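Once you know that position 141 of the sequence shown is 141 in the UniProt record's numbering, the rest is easy, because the numbers rise by one and skip nothing. Using N, Cα and C, we set each Cβ at its ideal position, and we do this for glycine too. None of the values given here were measured: they were computed from a predicted structure. Remarks on the structure that follows.
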Amino acid sequence: MTPLKYLAAYPPALQEKVRTLIVQERLEEYLRQRYPERHAVQSDKALYAYTMALKQEFLRNAPGLDKVLYDARLDVLQKALGLHTAVSRVQGSKLRAKKEIRIAALFRDTAPQFLNMIVVHELAHLREFDHNKAFYQLCEHMLPGYHQLEFDLRIHLTWRDLQAKS
């Protein structure tokens, strides 16, 4: 039985369908059929503009972002595909917090839907810090079909791991 670390929380029947695709060597075909194109957001500047456009559309009243960038140090092994942080600095007698979003560099070469999903996920943290019901409702509001994209991203990560092992 193939361990599916990214899909461990999903029902056994769904995991078995993915295992069947793996055994039949059709996982890549499934992903290419559903997500054939790659996005053009390659630079940190383009990623910042992309993220700010989504923020402006859905989260106008949320705190501003000072930095959005691809981070090569983020990796799925660290269980982080994206991070939202607030870096606090003392400037004179005032404390300034700069909000940052870092997206794992592996998203430079993925489908636009996966980049959209991870950016929406990190933006939702501006309003909801925990992964609770309100958080996922906000994600679904900003990106209808969010849950299916998250599942397919987990399949993509599984396929990526299998490629690295072979």
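Between the segment 61 to 74 and the segment 105 to 117, the count of C-beta pairs closer than 8 Å reaches three or more; the two stretches touch.
For Ala104, the enclosing beta strand (DSSP E) begins and ends at 94 to 104. In the displayed model, Leu149 falls within a helix according to three-state DSSP. His125 and Ile118 have their alpha carbons spaced roughly 11 Å apart. For Leu69, the enclosing beta strand (DSSP E) begins and ends at 67 to 71. Taken through DSSP and simplified to helix, strand or coil, Val90 comes out as strand.
The alpha-carbon of His147 is positioned some 25 Å away from that of Leu65.
Looking at the DSSP output, Gly82 bridges to Ile103. Taking the C-beta atoms as reference points, Arg127 is found no nearer than 8 Å to Ala49. The DSSP-derived three-state label of Tyr136 is helix. No Cβ-Cβ contact shorter than 8 Å links Tyr30 with Gln113. Listed in chain order, the non-local C-beta contacts of Gly82 below 6 Å within the same chain comprise Ile103, Ile118, Glu122, local neighbours out to five positions each way being set aside. DSSP places Phe129 outside both helix and strand once states are collapsed to three, so it counts as coil.
Straight-line spacing of the CA atoms in Pro11 and Ser93 works out to 53 Å.
Following the DSSP letters along the chain, one finds Arg19 inside the alpha helix (DSSP H) bounded by residues 12 to 23. Put simply, the backbone Cα of Arg19 is about 52 Å away from that of Val90.
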